[in-house]
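Protein chains in written order, with this note's numbering: chain A, -19 to 90; chain B, -19 to 90.
Following this line, the structure appears as structure tokens:
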């Protein structure tokens, strides 16, 4: 267990859904309103709002309401604990390959 | 959505539990039998077995039974899709800091 236990639980759980991951992918580009975020999805607005609430409770996104418009943004460094946990739990042979790979190229997407 | 959708769902969900993450942390060191894996935990053996099954269904661990002993090991690169997803979804300013940080130090733990 780490001191980030419950924080990590919530972050992993929040990202275990393709719609919520797609919302995060959209918010990497820029902040957006609920209706902008909902637009590409087949889901209803209340469903999207509920997904955004799960992400907000997990500390991954934050929102601000100005007038009638609520705007969501990604919280800086919110994914860092997950990234750290994953990279620290790789097998020794994988880490050696990582370091080699990092010297050969710096791919940023997947 | 990515082609890794359901694979990522299962991996994120499997890791959203502190006991399952602790089992993965143990298996990074070496393969281990169910009773070795259960030893440090307060949980019953069947509970640990169920956690291991969730990890196995998510493709994170694999097991082999020889005689009466089932041994679990971490699947190489099983955490790579999560690591890739997370690092590709960081904010542009975070990626610049990552590259700077990578030049200054190579911390491996957290």
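The beta carbon of each residue, even a glycine, is placed where N, CA and C say it ideally should be.
**Prompt:** Taking the C-alpha atoms as reference points, what is the distance between residue 33 of chain B and residue 46 of chain A?
**Reply:** 47 angstroms
Requested in this report: Please state whether DSSP places residue -10 of chain A in a helix, a strand or coil.
Outcome: helix
| task | Answer yes or no: does any C-beta atom of chain B fall closer than 9 angstroms to that of residue 63 of chain A? | result | yes
Starting from the beta carbon of residue 67 of chain B, find every residue of chain A whose beta carbon is closer than 7 angstroms, and list them in chain order.
-> 63
query = the segment 8 to 29 of chain B: which residues have C-beta closer than 7 angstroms to a C-beta of chain A, in chain order?
reply = 8
How many Å lie between residue 90 of chain A and residue 74 of chain B at the Cα?
A caution first: residue 90 of chain A carries a pLDDT of 44, below 50, which makes its placement in the model too unreliable to give a value.
query: For residue -18 of chain A, which residues of its own chain have a beta-carbon under 6 angstroms away from its beta-carbon, when the five flanking residues on both sides are left out?
result: Because residue -18 of chain A sits at a pLDDT of 44, beneath the cut-off of 50, its placement in the model cannot be relied upon, and the following sentence gives the value as read from the coordinates. Excluding positions up to five away in sequence, the list is empty.
Item checked: Opening and closing residue of the beta strand (DSSP E) in which residue 117 of chain B lies -> No answer is possible for residue 117 of chain B: it lies beyond the span of chain B, which begins at -19 and ends at 90.
Residue 29 of chain B to residue 1 of chain A, Cα distance in whole Å? 29 angstroms
Among A:18, A:69, A:14, which has the Cα closest to the Cα of residue 55 of chain B?
-> A:69
Within the continuous beta strand (DSSP E) that includes residue 37 of chain B, where are the two ends? No beta strand (DSSP E) holds residue 37 of chain B; the alpha helix (DSSP H) holding it covers 25 to 37.
Quiz prompt | Spatial neighbours of residue 13 of chain B in its chain, beta-carbon cut-off 8 angstroms, leaving aside the 5 residues before and after | solution = 49, 50, 51, 52
Q) Under a CB-based cut-off of 9 angstroms, is residue 89 of chain A close to chain B? A) With a pLDDT of only 45 at residue 89 of chain A, under the threshold of 50, the placement of this residue in the model should not be trusted, and no figure is reported.
Go to residue 50 of chain B, then tell me how far its beta strand (DSSP E) extends in each direction, as first and last residue. 49 to 54
_Please list, in chain order, the chain A residues whose beta carbon lies closer than 8 angstroms to that of residue 71 of chain B._
8, 54, 56
Please confirm whether residue -10 of chain A has its beta-carbon closer than 9 angstroms to some beta-carbon of chain B.
yes
Distance between residue 9 of chain A and residue 71 of chain B (C-alpha atoms, nearest Å):
8 angstroms
Worksheet item: For residue 40 of chain A, which of A:22, A:61, A:21 has the nearest alpha-carbon?
Response: A:61
### Query
Cβ of residue 60 of chain B less than 9 angstroms from any chain E Cβ?
The structure shown contains no chain E; its protein chains are A and B.
Reference residue -8 of chain A; option with closest CA among A:43, A:24, A:37, A:20
A:37
Extent of the continuous alpha helix (DSSP H) to which residue 18 of chain A belongs: 14 to 18
### Message
Out of B:31, B:42, B:66, which one is the CA nearest neighbour of residue -6 of chain B?
### Response
B:31
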